[in-house]
Amino acid sequence: MFKKIVFLIILSLGLCADNYANNLSVTSGEIKAHTEVFGDSEINPTTKDVKANLTIGNSLESIKGQIFFETITLISDKKDRDEHMYELLNIQKYKTISFDIKNIVKNETNYDINGVLSLNGVTKNITLKSNINEQNNQILFDGGFSFNLTDFNLEPPTMLFLTVRNQIDISYKIELKR
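Residue numbering for the sequence shown follows numbering that gives the first Met the number 0, starting at 0 and increasing by one per position.
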């Protein structure tokens with residue numbers, strides 16, 4: 000009898016927890032990086048292999064968890080340049096780039112997503128400005144942010160007289176399903 004009561008309590012606690020937090024899954028996603036080679040051209044690697052371990056409670060502001068991708072999935076229009084990018088990003092040692100969502104705050108025009116960006120074994124607290132919309136159990140994150148390579152112990156590469164700009168601009172569109 001005692002085992003049945005304990006089992007029912009554990010089962011009911013599990014069911015209550017489900018009412019407060021649901022998993023979100025990525026249905027589509029794209030993360031684009033942009034920088035420039037001074038005096039030459041742009042570099043725009045993109046990944047569509049976005050993954051997430053996210054949960055949501057009763058509001059968009061309750062979303063927490065991690066969005067990530069394997070660094071090797073960043074691809075630009077120049078394969079030889081990609082090889083240099085992979086070397087710079089040290090993909091043999093640091094295979095993923097991730098963002099851990101700590102909290103989301105609604106402001107006057109959109110949302111501030113506060114979290115931790117992990118790149119090259121370095122973690123930095125950052126705030127992303129994002130539009131977050133929900134319709135028919137689909138949630139869309141759409142926004143961008145910038146950071147400097149040197150903030151993550153990465154030196155902008157140089158080739159002959161050409162230097163890659165230190166600032167990297169990120170834009171993202173990630174669609175999630177409840």
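For every residue, glycine included, the Cβ atom is placed at its ideal position computed from N, Cα and C.
- Item | Beta-carbon gap between N102 and N113 smaller than 7 Å | In the sequence shown, residue 102 corresponds to position 103, counting from 1. In the sequence shown, residue 113 corresponds to position 114, counting from 1. Yes.
- Status (buried if at least 16 other CB within 10 Å, exposed otherwise) for T108: The count along the sequence shown starts at 1 and reaches residue 108 at position 109. Around the beta carbon of T108, fewer than 16 other beta carbons sit within 10 angstroms, so the residue counts as exposed.
- Taking the continuous beta strand (DSSP E) assigned at Y110, which residues delimit it? Walking along the sequence shown from the start, residue 110 turns up at place 111. Residues Y110 to L118.
- Query: In terms of residue numbering, what span does the beta strand (DSSP E) encompassing D81 cover?
  - Reply: Walking along the sequence shown from the start, residue 81 turns up at place 82. No beta strand (DSSP E) contains D81, which is instead part of the alpha helix (DSSP H) from K78 to L87.
- Task: Can you say whether E133 is buried or exposed, counting buried as having 16 or more other CB atoms within 10 angstroms of its CB?
- Result: Counting from one through the sequence shown, the residue named residue 133 turns up at place 134. Burial call: exposed.
- Cβ pair count under 8 Å reaching 3, the stretch 88 to 102 against the stretch 64 to 80: A contact is defined here as three or more CB-CB pairs under 8 Å, and the stretch 88 to 102 meets this definition with respect to the stretch 64 to 80.
- Taking D111 as the reference, which of K47, T34, E60 and T26 has the closest Cα? Here residue 111 refers to the residue found at position 112 when the sequence shown is read from its first residue. That would be E60, whose Cα lies nearest to the Cα of D111.
- Short Cβ contact (7 Å threshold) for N119 with N89: Within the sequence shown, residue 119 is the residue found at index 120, counting from 1. Within the sequence shown, residue 89 is the residue found at index 90, counting from 1. Yes, these two residues count as a Cβ contact at 7 Å.
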